[in-house]
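Remarks on the structure that follows.
In the numbering used here, the protein residues as written are 76 to 451.
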């Protein structure tokens, strides 16, 4: 339990959040599948289907808090514009459970504008499947096994994938971690993510090209492969017409397994003992200010363990790292550089536990209110 009077930013933060929420037309719904959770009609949904029930009851732009639980909320379908918040990747809270789901499907263009933050998606997040354009999605602060563009009937536009832990890192799956379709995506930003490949697969693909327009950007990510420095795996399946900058390729090469064309590679670092660590200058690709063959010197990033223990994983650049200040405009390469650095804790959303307000207040006297909350 945390009392927000005592936290950094304290009561001002909590009241600011409350005023932001209640001052808008959005409703706040809660999904809670913990034992003993009490349902409130139209507001708090409980049981194994709590999250899907909350989605069904919500209207466009509503906010759904997914209370952390040791049990998964199951397979989820989002068919409207929603803001869904879990507890985050590795929050500094008084509990160890997370906001788990198995799969998330965002198929309908009616879900354009959806934000997913702070969730653990143990299998796939699929985008598309219904004809039309699915746009303006924000996928952040989550752990996701795989992101899959589900067919060319749905085009994707204005997609932001940031501050996530992506991929599995172990096994022999041939599935790519990020699989989008060339000719059917535009304006995609993939930034400040840790992206794992596995034995038998490439790391960040995008079958037919992850990003296909000059406006699409891959920046400040850590691409990593658990086979280690001797890995000969490619970071991309097909990549075209994209800007790739300030990334670190660690044990995986910045090459395309099938196609790599008309991309700009700028201020990246690649560290693997294989020939795939170099940056191509053929096929319309441009290489500017990239570093090859130098250890990025992380504080604690190891190979061969699959998705890491977040209690010890630390991709901070250590003293003497060649990636410090070597990104564009003097920023650091890797996940802690750029305008929105990687943050394992995410942004906790307070769930009010106690709200004490006097039943009577004498005119002219102060109103003493006691609010106690914990981060969800």
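We put the CB at the ideal spot given by N, CA and C, even for glycine. Quick caveat, the model's predicted, so the values are computed rather than measured.
Query raised in the report: Between residue 101 and residue 212, what straight-line distance do the alpha-carbon atoms span, to the nearest angstrom?
Result: 18 Å
**Report entry** CA nearest to the CA of residue 299, picked from 157, 373, 412, 200
**Finding:** 373
Query - Same chain only: Cβ atoms within 6 Å of residue 265, ignoring 5 sequence neighbours per side - result: 236, 293
Query raised in the report: Is residue 408 buried or exposed, if buried means 16 or more other CB atoms sit within 10 Å of its CB?
Result: buried
Query raised in the report: Any heavy atom of the ligand ATP within a distance shorter than 6 Å of the CB on residue 179?
Result: The model depicted lacks the ligand ATP and carries no ligand whatsoever.
Report task. Quick one: which unbroken beta strand (DSSP E) runs of 3-plus residues sit fully inside the segment 101-132? Chain order, please. Result -> 103-107, 119-121
Query raised in the report: Applying the criterion that 16 or more other CB atoms from any shown protein chain within 10 Å of the CB defines a buried residue, is residue 364 buried or exposed?
Result: exposed
Requested in this report: State yes or no: is the C-beta of residue 70 within less than 7 Å of the C-beta of residue 412?
Outcome: No answer is possible for residue 70: the residues shown for the chain start at 76 and end at 451.
Query raised in the report: Between the beta-carbon of residue 338 and the beta-carbon of residue 296, is there less than 7 Å?
Result: no
Query raised in the report: What does DSSP give as the partner residues of residue 222 in its beta bridges?
Result: 200, 253
Report task. Reducing DSSP to helix, strand and coil, say where residue 446 ends up. Result -> strand
Query - Alpha-carbon to alpha-carbon, residue 219 and residue 201 - result: 11 Å
Query - Top-ranked residue by Cα proximity to residue 195, from 335, 163, 270, 133 - result: 163
Query raised in the report: Considering only residues of the same chain and omitting the five flanking positions on each side of residue 436, which have a CB-CB separation below 8 Å?
Result: 442
Query - residue 341, enclosing beta strand (DSSP E) - first and last residue - result: 339-341
Query raised in the report: What's the call for residue 360, buried or exposed, on a 16-neighbour Cβ count within 10 Å?
Result: buried
Report task. Please report how far the alpha carbon of residue 371 lies from the alpha carbon of residue 136, in whole angstroms. Result -> 42 Å
Requested in this report: Rounded to whole angstroms, what's the CA-CA distance from residue 392 to residue 416? Just pull it up for me.
Outcome: 13 Å
Query raised in the report: Short check: CB of residue 252 to CB of residue 230, under 7 Å?
Result: no
Query raised in the report: Would the beta-carbon of residue 328 fall within 7 Å of that of residue 309?
Result: yes
Query raised in the report: For residue 158, which residues does DSSP report across the bridge?
Result: 138, 190
Report task. Compute the Euclidean distance between the alpha carbons of residue 410 and residue 254, then round it to the nearest angstrom. Result -> 21 Å
Requested in this report: Using a threshold of 7 Å, state whether the C-beta atoms of residue 189 and residue 153 are closer than that.
Outcome: yes
Report task. Reducing DSSP to helix, strand and coil, say where residue 206 ends up. Result -> coil
Report task. Please report how far the alpha carbon of residue 129 lies from the alpha carbon of residue 113, in whole angstroms. Result -> 14 Å
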